[in-house]
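Numbering (the working numbering), first residue to last: 17 to 891.
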C-alpha cells in the first residue's frame with residue numbers, strides 16, 4: 017500500500033501509521049473497561065507535561081479499537097493520515113466515500129483530552145445529527161461525552177452541549193451563539209467557552225462559499241414598508257438596457273441617465289442620489305428582485321413567506337433573511353405581506369469568527385482549487401490525501417449545444433438510454449425550476465426518477481434518495497450534491513433498504529385497526545412480517561419513508577417485549593439485501609458504474625468536482641459528463657459570442673453538440689476568472705471587516721469584563737477619570753477665559769456637581785491643580801450617590817452600574833455598526849480623488865470608534881450620577 021499511496025508530503029506519516037497499527041493489534045486483548053480507562057490515563061500524561069504528539073500513536077490505536085468495536089469497521093491507513101493532518105491544523109482533502117466522518121472523530125478525541133472542548137462544524141443540522149449519533153456510539157467506549165447544538169434548543173440545553181468534550185453544530189449556530197453571548201445581559205446567559213479547536217466539515221463550502229456575506233443578528237427598525245411597494249411599481253416602468261443595465265458578474269444593477277430621470281419624475285424629486293433621501297436604495301433593491309432573484313432558484317414561497325434557497329447546497333435556509341431591504345423588495349415583488357425592515361444589532365464574518373480558534377482544521381473533497389485563499393486568509397495548508405483505492409472514474413469532455421432547449425432534450429435522451437440499460441444516473445441541476453423542467457421531460461418519456469431539491473416534500477426523503485441512487489435503473493435529479501453526507505453505493509445501501517422495507521411493512525400492518533387494538537395478534541403480525549419479507553414476497557416500496565426504524569420500534573403500537581424480535585427481523589433483512597446489492601453492484605460495474613451528468617458549469621470548479629466526485633468512490637468504475645448550451649450563464653458571460661460564431665461558421669445545427677478539449681480549457685479559464693473575482697469580493701470583505709474586527713474585539717472584551725465582574729464601581733470611576741482627563745486636555749488649548757469657563761462647567765454638569773464657579777477664580781488656577789481637584793471630586797460625588805442609593809435599597813447601585821454600562825455599550829455599538837455600513841458604502845467614491853478607499857476607511861473608522869468610546873463613557877457617568885429611586889406612594 018505504501019508503495020503507491022504516499023507522496024512526498026505525506027510519506028512522513030509512514031512510521032507513525034505502522035506504530036499505530038502495531039498498537040491496535042496489541043489492544044485487541046484489552047477489555048472494553050481497559051479501553052475506557054485509557055482516556056483518563058492520557059489526560060494525566062498531558063497534565064504531567066507530555067506533548068500531544070508523544071501520546072498520539074496510543075490514542076489513535078485506542079480510538080481505532082473503539083471504532084471497530086462500535087461499528088465493525090477497521091480504519092484505512094489514509095483515514096489515520098487524514099486525522100494526523102487535522103491534528104496539525106491543516107486541511108485534509110479527501111475524496112467522496114473515503115470516510116471523513118470517522119477521520120474527524122479521531123482528531124476530535126485526541127484534542128478533547130485537554131478538557132477545553134472540541135467543535136466539529138458541519139454545513140447543516142442533518143449532518144450534525146447523523147455524525148453526532150455515530151460519535152456517541154464510538155465515544156461511549158472511551159469515557160468521552162458528545163453533544164449536538166440544535167436550532168430549537170433553549171439556553172440551558174445549549175450551555176450543557178457546549179460543556180461536552182466534543183460538540184457537533186452548524187456554522188450558523190456557532191456564529192449566532194457567539195453574537196448572542198456578546199449581547200447577553202447576565203453572565204448566566206453565556207453559553208460558549210473560549211474557542212479552542214475546531215474541525216470544519218466541507219470547509220470550502222463554509223469558509224469560501226458562505227464567507228461572501230457576514231452573519232448578522234438584527235432587530236426591528238422604524239422604516240416604512242410602503243416604500244417597497246411604491247418602488248416596485250416604479251420599476252415596472254423601467255426597461256432593461258434602456259433605463260438600467262445588469263452586471264451579471266457582480267449581480268448588481270446600474271441605473272443610467274434615462275432611468276434616473278424617470279425615477280425622479282415618478283417620485284417628484286430633484287436628485288435621486290441626494291444623501292438626504294433614501295429612494296435610490298428602494299429602487300435598486302426592487303430592480304434586483306425583478307431581474308436577479310428568481311423564484312424556485314434563489315428562493316421559494318412557503319407558508320406565504322419568502323424562504324431563501326442556498327445557492328451552494330440547494331437547501332432551504334429557514335429563518336434567514338436577506339439584509340438591507342432586499343428581502344422586503346422580494347416580498348413586494350411576490351405580493352406578500354412585507355415584514356418590518358431590520359437594523360443590525362451585531363455582526364461578524366465567518367473569516368473572523370473562525371480565526372478566533374487557537375487551532376483550526378478542516379476536511380473536504382475539493383479544496384485544492386482554493387489553496388491560495390486558505391493560505392492567505394486562514395493560514396491553512398491544504399494536503400491532498402490519496403484515495404484508499406485508485407480512482408477509476410472517467411471525466412468525459414463537455415458537450416455544448418446551441419440552445420438550452422436542445423441541451424435539456426439531449427440530457428433527457430441520455431437518461432432514457434441509461435434507464436433502458438439499467439445504469440444508475442445522477443443528474444446535477446443548478447435550480448429547482450430546472451430540476452422540475454427535466455423531470456417533466458422524463459415524465460413524457462415514461463422514465464421513472466427521484467427528485468431531490470429544496471422543496472420540503474423532497475428534502476424529507478433525502479437520505480433515502482441519495483443512498484439508493486446507485487441501484488439499477490435509478491435516475492436521480494438533484495439540485496446540488498455538496499454536503500449531502502450520504503454516499504451513493506453501487507447496487508444500493510443494504511442497511512437503508514432493509515430499514516425502509518421494515519418501516520413500510522410495519523406501517524402497512526399497523527394501519528389495520530384490528531391488529532393495533534388486539535395485542536395478542538402481535539406475534540401473528542411478526543410471523544407474517546418475517547415470512548413475507550425474508551422470502552421477498554413483498555416488492556421494494558420506495559414511496560414512503562415516515563420514520564427511522566428506531567423510533568418505530570419504540571412506538572406504543574408495538575410492545576417493548578417484541579422490540580428484539582423486530583430487530584432480529586431487521587438483521588435478517590440486512591443479510592438478504594446485502595447479497596442482493598452485491599450481485600447488483602457487479603452488474604452495474606460491468607455497465608460502467610454510476611454515470612454523473614452535469615447540466616451547467618458552476619461559478620466554481622469545486623462545485624463541479626463535488627458533483628463528479630459522487631462517481632468512482634472506493635475504486636468503483638464510473639464516468640461524468642457536462643451538457644452545456646450557449647445560453648448558460650457562464651458561457652454567456654465568458655466567450656459565448658466567439659463559440660456561437662464558430663458554430664455558425666461550421667454550420668452546426670441545434671441538435672448537434674460540439675465536443676472539444678479546447679472549449680473545455682476555455683470554460684476552465686472562465687471559471688478561474690469567476691473564482692478570482694469572488695476571491696477579490698471575499699478578500700475585500702475580509703479587509704474591511706478586519707478594521708471593524710479589532711474594534712469588535714475591544715468592545716466585546718470590555719463588555720465581557722463588565723458582565724463577569726461583581727463590582728463595577730472601579731470601572732465607573734475609571735470611565736469618569738478618563739472622561740475628565742479628555743475634557744481637561746482642551747483646557748490649556750482654550751483661547752480665552754470664556755472657553756475655559758465652559759470646559760469647567762461641562763465637567764460640573766457631567767458629574768452633577770451643584771456649585772457655581774466664578775470666572776475670575778479660574779485665572780489663578782493651574783491645570784494640574786484643577787485636574788487633582790476633579791479627581792477627588794469624582795470619588796466624593798460618587799460616594800455620596802452610592803450612600804444615597806444604598807439607604808433606599810441596598811445593592812441597587814451595583815445593579816445600576818452594570819445595567820448602565822451594558823445598555824450604553826450595546827446602544828452605542830449598534831449605532832456604530834450603522835455608521836460603519838454607511839461609511840463602507842460611500843468610501844468608494846474617494847478613489848476618484850486618487851485616495852485609497854481602504855486607508856480612508858481605516859482612518860474614518862478610527863475616528864468613529866473614538867467618538868463612540870467617548871460617548872459611552874460620558875453617557876454612563878451622566879446617567880449614574882443622576883440615578884434616583886422613584887417610589888410609588890400607593891404601593
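We put the CB at the ideal spot given by N, CA and C, even for glycine. Treat the numbers as computed from the prediction; the structure is a model and nothing was measured.
Residue range of the beta strand (DSSP E) that includes residue i
i           : result
residue 214 : 213-217
residue 379 : 375-380
residue 138 : 134-138
residue 614 : 610-614
residue 41  : Per DSSP, residue 41 belongs to no beta strand (DSSP E); it is in the alpha helix (DSSP H), 30-42.
residue 641 : 637-645
residue 411 : 408-411
residue 398 : 398-400
residue 318 : 315-318
residue 494 : 491-494
Where residue i falls, given that 16 or more other Cβ within 10 Å makes a residue buried
i           : result
residue 632 : buried
residue 538 : Unreliable positioning characterises residue 538 in this predicted model, as indicated by a pLDDT of 45, which lies under 50. The coordinate reading is nonetheless provided below. Residue 538 is buried by the Cβ-count criterion.
residue 13  : This structure gives no information on residue 13, because the portion of the chain shown stretches from 17 to 891.
residue 789 : exposed
residue 460 : exposed
residue 842 : exposed
residue 702 : buried
residue 122 : buried
residue 71  : buried
residue 456 : exposed
residue 21  : Confidence at residue 21 is low in this model, with a pLDDT of 44, below 50, so its placement is unreliable and no value can be given for it.
residue 873 : buried
residue 881 : buried
residue 271 : buried
residue 180 : buried
residue 862 : exposed
residue 753 : exposed
residue 464 : exposed
C-beta contact flag for residue i and residue j at 8 Å
i           : j           : result
residue 102 : residue 32  : no
residue 443 : residue 615 : yes
residue 229 : residue 705 : no
residue 136 : residue 165 : no
residue 92  : residue 404 : yes
residue 860 : residue 839 : yes
residue 295 : residue 288 : yes
residue 144 : residue 178 : no
residue 139 : residue 187 : yes
residue 279 : residue 299 : yes
residue 80  : residue 29  : no
residue 367 : residue 406 : no
residue 683 : residue 650 : yes
residue 129 : residue 58  : yes
residue 306 : residue 349 : yes
Distance between beta carbons of residue j and residue i, contact taken as under 8 Å
i           : j           : result
residue 109 : residue 383 : 5 Å
residue 54  : residue 36  : Not quite, the Cβ-Cβ distance comes to about 14 Å (not below 8 Å), so this is no contact.
residue 111 : residue 381 : 5 Å
residue 232 : residue 360 : 6 Å
residue 719 : residue 825 : 5 Å
residue 379 : residue 107 : 7 Å
residue 645 : residue 422 : 7 Å
residue 737 : residue 791 : 6 Å
residue 875 : residue 742 : Not really, about 14 Å apart at Cβ, beyond 8 Å.
Residue span of the alpha helix (DSSP H) that contains residue i, given as start and end
i           : result
residue 370 : 366-370
residue 807 : 783-808
residue 451 : 448-460
residue 876 : 853-880
residue 742 : 729-744
residue 345 : 342-349
Discussion item. What ranges does the alpha helix (DSSP H) occupy inside the stretch 157-193, keeping only unbroken runs of at least 4 residues that lie completely in it?
Written reply: DSSP assignment within the stretch 157-193 yields the following whole alpha helix (DSSP H) runs of 4 residues or more, N-terminal first: 171-178.
Worksheet item: Can you give, in chain order, each stretch of the alpha helix (DSSP H) that sits fully within the stretch 248-304 and has at least 4 residues?
Response: Correct list: 273-283.
Discussion item. I'd like the ranges of any alpha helix (DSSP H) spanning at least 4 consecutive residues and lying wholly in the stretch 95-156.
Written reply: Taking 4 residues as the minimum length, the alpha helix (DSSP H) runs contained wholly in the stretch 95-156 are 116-128, 141-155, in order along the chain.
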